[in-house]
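Undergrad:
In the numbering used here, the protein residues as written are 180 to 311.
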């Protein structure tokens with residue numbers, strides 16, 4: 180790699196790509212709403228909140244993206260566009276898919292900030308039940 184930023188960017192892209200691969204492996208007969216519910220069931224779980232291995236990089240890196248080179252924001256933008264296309268049943272469903280992704284990322288970020296405990300668990304359950 181030509182720089183530390185280039186190495187970090189490649190790792191970031193790889194992690195994001197793995198997330199999309201998991202969605203791509205879902206049953207193609209599922210509706211967008213069903214796909215989002217399945218994603219939320221895992222994404223907004225205590226296991227995912229507490230995981231350090233296979234955790235989504237977005238909640239942890241969101242605060243830093245403004246200080247990193249623009250290439251990181253471009254990578255996130257591309258990832259979100261591709262992922263929203265996977266999670267929406269139709270063009271009309273795109274805004275709902277986008278809102279659900281925002282809810283999942285924000286919910287997980289808050290739950291991780293709180294750490295294991297009652298409020299964190301309630302937050303995960305509330306966010307999960309709101310994803311439709």
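Glycine included, C-beta positions come from ideal geometry on N, C-alpha and C.
All values reported here derive from a predicted model rather than from experimental measurement.
Taking C-alpha atoms, which residue in 182, 221 and 187 lies nearest to residue 201?
TA: 221
Undergrad: If you check the beta carbons only, do residue 290 and residue 282 fall under 7 angstroms apart?
TA: No, the Cβ-Cβ distance between residue 290 and residue 282 is not below 7 angstroms.
Undergrad: Among the candidates 265, 193, 225 and 250, whose CA atom is the shortest distance from the CA of residue 296?
TA: 225
Undergrad: Below 8 angstroms on the Cβ atoms is my contact criterion, and I expect residue 219 with residue 227 to pass it. Report the Cβ-Cβ distance as a whole number of Å.
TA: The Cβ separation is near 10 angstroms, so there is no contact.
Undergrad: Can you tell me which of the three DSSP states residue 190 falls into?
TA: helix
Undergrad: Restricting to Cα atoms, I'd like to know which of 279, 206, 257 and 245 is closest to residue 193.
TA: For residue 193, the closest C-alpha among the options 279, 206, 257 and 245 is that of 257.
Undergrad: Are there 16 or more other CB atoms within 10 angstroms of the CB of residue 306, so buried, or fewer, so exposed?
TA: buried
Undergrad: Let me know the secondary structure DSSP gives residue 234 once reduced to three states.
TA: coil
Undergrad: Whose C-beta lies closer than 6 angstroms to the C-beta of residue 266 among residues of the same chain, with five residues either side of it excluded?
TA: 211, 214, 215 and 276
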